[in-house]
Structure formats: structure tokens, C-alpha cells
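Novice:
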Amino acid sequence: AIGRVLVSERYRGKGLAATLMEKSIAVAINYGSCSEIKLSAQTYLLKFYAEQGFKSIGDPYLEDGIEHQD
């Protein structure tokens, strides 16, 4: 599982999150028995995850008072 991932503010905007996701996905596919990856994200990050190849499903919902979507 990939969850609760963040990049420290001072390192944001350098492509680290995209690299981290790319490597994590590769490990899951190449070394695990993974055929599908699902995640929940705060809605402000949906564009980022779409750029990583993920697709939104369902409707937004609140988790800990913060809007998320699968």
C-alpha cells in the first residue's frame, strides 16, 4: 500500500513527488503481485494523480474534515 505520503514544503516543486510515485508504482508492479493500484487523495491533488495515470472514481467525500476522492 502507498499511503500518507508527503514531500516537505521546502522540497516541493522539484518533481520529487512524481519520482516517488513512479518508483513506488514500479516496485509494486515489478516486485509485488500487484495488478491494480487504488488510492484516496485530497481533491486538490487530483490533477497530480491524473498526471501519474490514475483516474478518479466516485464522488468526493470528507475524511477527517478534508475533501477526498478515490
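Under this note's numbering, think of the first position of the sequence shown as 15, with each following residue one higher.
Idealized CB from N, CA, C, for every residue including glycine.
It should be emphasised that the depicted structure is a prediction, and the values quoted were computed from it without experimental measurement.
Per the DSSP calculation, Y75 is bridged to which residue(s)?
Specialist: In the DSSP output, where bridge partners are listed per residue, Y75 has H82.
Novice: Which class does A55 belong to by DSSP, given the choice of helix, strand or coil?
Specialist: Reduced to three states, the DSSP call for A55 is strand.
Novice: With S38 and I71 assumed to form a contact (beta carbons below 8 Å), what rounded beta-carbon distance in angstroms separates them?
Specialist: Rounded, the Cβ-Cβ distance is 20 Å, inconsistent with contact.
Novice: CA-CA distance, G27 and F62?
Specialist: One C-alpha to the other measures close to 12 Å.
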